[in-house]
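Sequential numbering from 221 applies to the sequence shown in this note's numbering.
First the structure, in the form of structure tokens, and then the observations on it.
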Amino acid sequence: MQHFANMADPQTTKKGPSAIDMDTGQLFETYTIEEIRKIERETRAEIEKKKEDLRQMVGERYRDLIDAADTISDMKACTEKIVTAVQGMQGYCTKLQKTHMVKGVLASPRGTKTDRSSQNDFYAIASQTKLLMDMPEKIWSAIESSEHLIATELYLLACHIVSSLQLDSNTQQSAQLLAWFPVLSRQWAAISHFKAGILQSCRKLLKNGSVSDQATAEALCSIMLLEESSPRQVFTEFLLARKAAVQHCFHSSQQGMGVRGQICSVTELICVTVKQIYAVFYHQEDKKEEDHSNLLLKTLQEVTSEQHASKKKTGILQSEMVSASFTKHLPSSVIGFRPSPRTPSTAIAPSYLQQSLEQWVETCIQDVHSGVGKLLGHVTSMKALATIRDAVWDLLAEDNGEVSWSTVCQCVLDRQLSLWGEFIRPLFLTRVQAIIQDALDLTSTGTQRHTQQALSDLGSPTAEQDIAAYVWAEAPNDTPIPAAWKGGGGTLVKQAGEPGGLYMKARAFTPRTQGICTSLDSQLKALLEDMAYYTESPAPQPRLSSADKGTKKAEPFDRFADTVTLHSFLQISCTTCLQRLLGIVGKQLEETKSQLDTCVHLGQTEQSSRVVDRALLLGRLCSALVELCPNLQKAANIAEPETKPSKPEPQSWLRSKLMGKRSASKPETEEETEWDNLKGLLLQQSKDAYRVWSDFTASRVLADFGKYLTDPSSEAALKAATHWDTIEIQEESEEGKKVTSKVQLPVQASWYVQTVLYSLCEEINRVGGHALSRSILSGLIQETSSGILALYKKHLDEHRSQADRLALSQSQALQLLFDVRFVAAIMSGRGEDAKKNSTHKDNVQKLVDRLENTIDPFDLDVFLPHLQTNLSRHTQRCTMLLGALASPDKHMYSSHRAVPSGYQEQHNVLPLASSQGRFTLLPLSTTSSQSLQRSLPRPLPQPASPVALPQDPSSPPPVLHKSRTAPSSLYSKFGSLKTGWLANISGAQ
């Protein structure tokens, strides 16, 4: 009640003692009537709640007590049943001991003890003891000989003997036997551990793919008998063992085998595994047993079936039954012992076999891809990959089994399994592509580095800025002696790759440019040669089987199936790398243009020249890549169908140069290849680079020309003054008398005109103008000539506007007229656009008309013929000096008498005839026509056109006979030079 009182109104606890502790007087003294009634209600409610809780607690405990009583009753009944069952088991074991039913093994009755004497029983026990003593040695020998099934049977026989002697129990008979034969306890301890040893050896053998099918089946049977497992369980264990073996092939301990050895070993292991699954586990009921039998079940049946008991009797105990005398005392249960599996030995269903093997194959593919992928990372050449592929091909080709691989795969997988295609080929393809990409990246990076280094070295004293100095400097390796007197067409391709050769000088390819192209071409050549090992098949050599050499054996896989894929990949990668290189060249060219504009704006002439040389180097490099890198063309067209013969670039360039416009008129019927597109990009980039030079050169020449033309100082006038020729003119007066008068006319252009034009020729020759494309030179000359005409027009306009202060005299007009017509004669007709050429001629004519209008008409009629004669003479004299500007289409050479065939003039004048090319036969100082006729029985033909056609490389060179009296060998050499490289150079002009 005190607890209930404490749970009353909390306010009571604050005022003093609780209400339950107070007597009636104190309660009424302390609380009011309402408070006392409230305390009473709370106290009664709490009492009722506690009563209810007490009733529920008593009910629950009673129910638990009833349940406990029922459980005790059930336990009592169960205990009585267990006691009864134990008593029944004791009786059954006693009966089993008497009838010798041990571990499910049925032994023939050996009779009762009443039929035998105690001495025979003793001998039987002794003979079994002797057999147990010899058992460890027999088991060890069987394990060392890898005869696991025999070791398993011996171990099970030892277990059977121990069980029959009751050594593993605590019965009175067991104690009596151990007292008679104390060695039995130690011997069983020595035999009992053989189970683990046999299982370990069997599992180790399963990981070895080089063992026979029979040995594998015996090892699996041993596991089934020792662990009492089913065929499905040992099949799963077999797959796990082979999976571990596949993973072990890529272990670091196998690195001594090399990449080829490891890949071949894992391929052979997978192949042998699939074949052993077919031989050991596969069984199809609708086929006859002699066709194909499950080797696992067949071996297990031979071990456990009754019909093989007699065979096993002479198998396990063969030596003891023949030589040992104690074996006659062995009981029949020991002699006729045979193991008995606990689980049913049924064949594995083909569907389960296929499903499990498919999962195993998928797992092995992942392991092989991971392991082989790491191994191939150490292979850096396609030749080594081809060697490994061929080794795998030879390994798979040595399939001498009775059942074909396709049949095995169809039975155990229900599909064809390609060991190369599914396991290894994707890795090889990926690795080859990586090698190709790495080689191309390395080539591209090296070319970029060499190009950047060449651009950086342009400011050094040894920089290749003057191409003319390189072209006209004689070198020992220009032309080999045997090839010096042959036609140019026969040695172009051969000499194209030799640095410093005449072909290089004719194309203005400097050693630095040659070095960059040679490095690029050599790397591509090495890449193509390395790739040929993997993609090109050698001479066909059919593999003939030993049974029938006339029948060709089927190949395990197509070794060159990836040829098309790799060629396409190389073509795409090569195109990408070249486009990336062109992008870098284009970026360098843009930077060059920006620097050139800055230098021109700041007036830095020397710096601008070095900047222009950068553009020239880039232009030469792009054009050289087209002609000096035949392997680049081969790589770019490697995936193209071979529908047309490929021609070397140098020969095709020369042929187009020599044939001139005739080759351009030939219709193009062939489709454009990838190389044609890349070649167009390279040449376009080269033209862009040369246009930077041509624009800068034209602007500089025009600036110099304008400065000379508009300089009003007297010093400039004296520098520009030239020698005038005095001409006597006879005229008839009105009286009919002849009057002789003298007039002076200009015979040469102004010095500043000749100086500017010669400086332009020097610049063209400095950059190798003989090798530039006609469009570049035509554009430069046309732009320069148009600018010069514009400067003359501006100069005349200024004189017209300043007529009062500065009038143009007749002498100045004559000199300007001579200069304008000289410039027009030298620099006309070079444009490829007929409309622009026509416009240029109209501008020249307008300017000439303006100058002629400033001259007295009567004087002009007298001066004009003589002026034209002087102009023609001066133009012919300057043609060789200003050859880079002169047009090869114009016949500006004076004609001379034709030289008979075989006749040599006696002077050293170099005749210039319109019917001949730039260079003719060089005359000798002393010779005679008779000696020449004797030395040259067949006259040399004169060239019919300014351009000599190249000789056929396959045709022999003309034979020149030596003279007895004159040094005709030198003449012959000059003649060969004329028809050889000099003719080629003249054609290139």
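C-beta atoms are modelled at their ideal positions from N, C-alpha and C, and glycine is treated no differently.
Helix, strand or coil, according to DSSP, for E622 in the structure here?
On the sequence shown, position 402 is the one that residue 622 refers to. Coil.
In whole angstroms, give me the CA-to-CA distance for E488 and L616.
In the sequence shown, the residue the question calls residue 488 occupies position 268. In the sequence shown, the residue the question calls residue 616 occupies position 396. Between E488 and L616, the C-alpha separation is close to 8 angstroms.
Between which two residues does the alpha helix (DSSP H) holding P646 run?
One-based indexing of the sequence shown puts residue 646 at position 426. Here the alpha helix (DSSP H) through P646 covers 645-676.
Determine contact between the segment 987-995 and the segment 686-699, defined as no fewer than three beta-carbon pairs at a distance below 8 angstroms.
Enough Cβ pairs lie closer than 8 angstroms, so yes.
Grab me the residues of S906's own chain with a C-beta within less than 6 angstroms of its C-beta, minus the 5 sequence neighbours each way, in chain order.
Position 686 of the sequence shown holds residue 906. Cβ within range, chain order: G839, C842, S843.
For W944, does the three-state DSSP call read helix, strand or coil?
Translated into positions along the sequence shown, residue 944 becomes position 724. Reduced to three states, the DSSP call for W944 is strand.
Can you give the Cα-Cα distance for Y343 and S473, rounded to whole angstroms?
The count along the sequence shown starts at 1 and reaches residue 343 at position 123. The count along the sequence shown starts at 1 and reaches residue 473 at position 253. Cα to Cα, the separation comes out at about 55 angstroms.
Less than 8 angstroms separating the beta-carbons of A378 and M353?
What you label residue 378 is simply residue 158 of the sequence shown in a count that begins at 1. What you label residue 353 is simply residue 133 of the sequence shown in a count that begins at 1. Cβ atoms of A378 and M353: not closer than 8 angstroms.
Run through DSSP, which three-state label would E367 get?
Here residue 367 refers to the residue found at position 147 when the sequence shown is read from its first residue. Residue state, collapsed to three classes: coil.
So, is C441 buried or exposed, given that buried needs 16 or more other C-beta atoms within 10 angstroms?
As a working mapping, residue 441 is identified with position 221 in the sequence shown. C441 comes out buried.
Reducing DSSP to helix, strand and coil, say where V588 ends up.
Locating residue 588 in the sequence shown gives position 368, counting from the first residue. Three-state result, V588: helix.
So is the beta-carbon of S365 under 7 angstroms away from any non-hydrogen atom of the ligand MG?
The ligand MG is not part of this structure, which contains no ligands at all.
Could you give the distance in angstroms between the alpha-carbon of M1100 and the alpha-carbon of A1106?
Within the sequence shown, numbered from 1, the residue matching residue 1100 stands at position 880. Within the sequence shown, numbered from 1, the residue matching residue 1106 stands at position 886. If I take the Cα positions, the gap works out to 8 angstroms.
Simplified DSSP state of E775, which is helix, strand or coil:
Position 555 of the sequence shown, counting from 1, holds the residue named residue 775. Residue state, collapsed to three classes: coil.
Go ahead and label A265 buried or exposed: buried means 16 or more other beta carbons lie within 10 angstroms of its beta carbon, across all protein chains shown.
For the purposes of this step, residue 265 is taken as the residue at position 45 of the sequence shown. Here A265 is exposed, its C-beta having fewer than 16 other C-beta atoms within 10 Å.
Using a Cβ-Cβ cut-off of 8 angstroms (strictly less than) and excluding sequence neighbours within five positions of T334, which residues of its own chain qualify?
Along the sequence shown, read from residue 1 onward, the residue named residue 334 stands at position 114. Because T334 sits at a pLDDT of 43, beneath the cut-off of 50, its placement in the model cannot be relied upon, and the point is left open.
Can you tell me whether K594 is buried or exposed? The criterion is at least 16 other CB atoms within 10 Å of its CB, across all chains shown.
As a working mapping, residue 594 is identified with position 374 in the sequence shown. Label assigned to K594: exposed.
Other residues of its chain near F789: CB distance less than 6 angstroms, five sequence neighbours each side excluded
As a position in the sequence shown, residue 789 is number 569, starting the count at 1. So the qualifying residues of the chain are Q653.
Do E860 and T812 have their CB atoms nearer than 8 angstroms?
Counted from its first residue, the sequence shown places residue 860 at position 640. Counted from its first residue, the sequence shown places residue 812 at position 592. No, these two residues do not count as a Cβ contact at 8 angstroms.
Please report the straight-line C-alpha distance between S914 and Y972, rounded to a whole angstrom.
Residue 914 sits at position 694 when you count from the first residue of the sequence shown. Residue 972 sits at position 752 when you count from the first residue of the sequence shown. A direct Cα-to-Cα measurement between S914 and Y972 gives close to 21 angstroms.
Taking the C-alpha atoms as reference points, what is the distance between Q630 and Q496?
Here the question's residue 630 lines up with position 410 in the sequence shown. Here the question's residue 496 lines up with position 276 in the sequence shown. Between Q630 and Q496, the C-alpha separation is close to 14 angstroms.
Which value, in whole angstroms, describes the spacing of the CA atoms of S601 and E582?
As a first step, residue 601 is located in the sequence shown; it is residue number 381 there, counting from the start. As a first step, residue 582 is located in the sequence shown; it is residue number 362 there, counting from the start. Answer to the nearest angstrom: the Cα atoms are 29 angstroms apart.
Which whole-angstrom value is the C-beta distance of L596 and R651, which I expect to be below 8 angstroms?
By 1-based counting over the sequence shown, the position of residue 596 is 376. By 1-based counting over the sequence shown, the position of residue 651 is 431. Right, their Cβ atoms sit about 4 angstroms apart.
Report the CB separation of H670 from S742 in whole angstroms; it is logged as a contact under 8 angstroms.
The count along the sequence shown starts at 1 and reaches residue 670 at position 450. The count along the sequence shown starts at 1 and reaches residue 742 at position 522. Not confirmed; about 12 angstroms, so no contact.
Do L809 and V831 have their C-beta atoms closer together than 8 angstroms?
Here residue 809 refers to the residue found at position 589 when the sequence shown is read from its first residue. Here residue 831 refers to the residue found at position 611 when the sequence shown is read from its first residue. No, the Cβ-Cβ distance between L809 and V831 is not below 8 angstroms.
Coil, strand or helix - P559 by DSSP
Sequence index remark: in the sequence shown, residue 559 carries index 339 (1-based). DSSP, read as helix, strand or coil, puts P559 in coil.
Who are the near neighbours of K745 in its chain, counting only those whose CB is closer than 7 angstroms to its CB and skipping five residues on each side?
One-based indexing of the sequence shown puts residue 745 at position 525. Result list for K745: N851, in chain order.
When you compare the segment 411-429 with the segment 450-465, are there three or more beta-carbon pairs, one atom per stretch, that lie closer than 8 angstroms?
Verdict: yes, contact present.
The segment 776-784 / the segment 611-625 touching (three or more Cβ pairs under 8 angstroms):
yes
Take V959 as the anchor and find which of L965, P966, E951 has the nearest alpha-carbon.
To locate residue 959, count along the sequence shown from 1; it is residue 739. It is E951.
How long is the line joining the alpha carbons of S365 and I359, rounded to whole angstroms?
As a position in the sequence shown, residue 365 is number 145, starting the count at 1. As a position in the sequence shown, residue 359 is number 139, starting the count at 1. Near 10 angstroms, if we compare the C-alpha coordinates of I359 and S365.
Going by DSSP, what residue range makes up the beta strand (DSSP E) through P966?
As a working mapping, residue 966 is identified with position 746 in the sequence shown. Run containing P966: 958-966, per the beta strand (DSSP E) assignment.
Can you find the residues in the same chain that come closer than 8 angstroms, C-beta to C-beta, to M477, ignoring five residues on each side of it along the sequence?
Reading the sequence shown from its first residue, position 257 is the one you call residue 477. Answer for M477: S485, listed in chain order.
Neighbour-count burial assignment, K957, 16 or more Cβ in a 10 Å radius
For this step, residue 957 is matched to residue 737 along the sequence shown. Result: exposed.
Pairwise C-alpha distance: Q799 and L1210
With the chain covering only 221 through 1209, there is no way to say anything about residue 1210.
With a cut-off of 8 angstroms on the beta carbons, I'd call A856 and C794 a contact; round off their distance for me.
Translated into positions along the sequence shown, residue 856 becomes position 636. Translated into positions along the sequence shown, residue 794 becomes position 574. Indeed they touch by this definition, with Cβ atoms about 6 angstroms apart.
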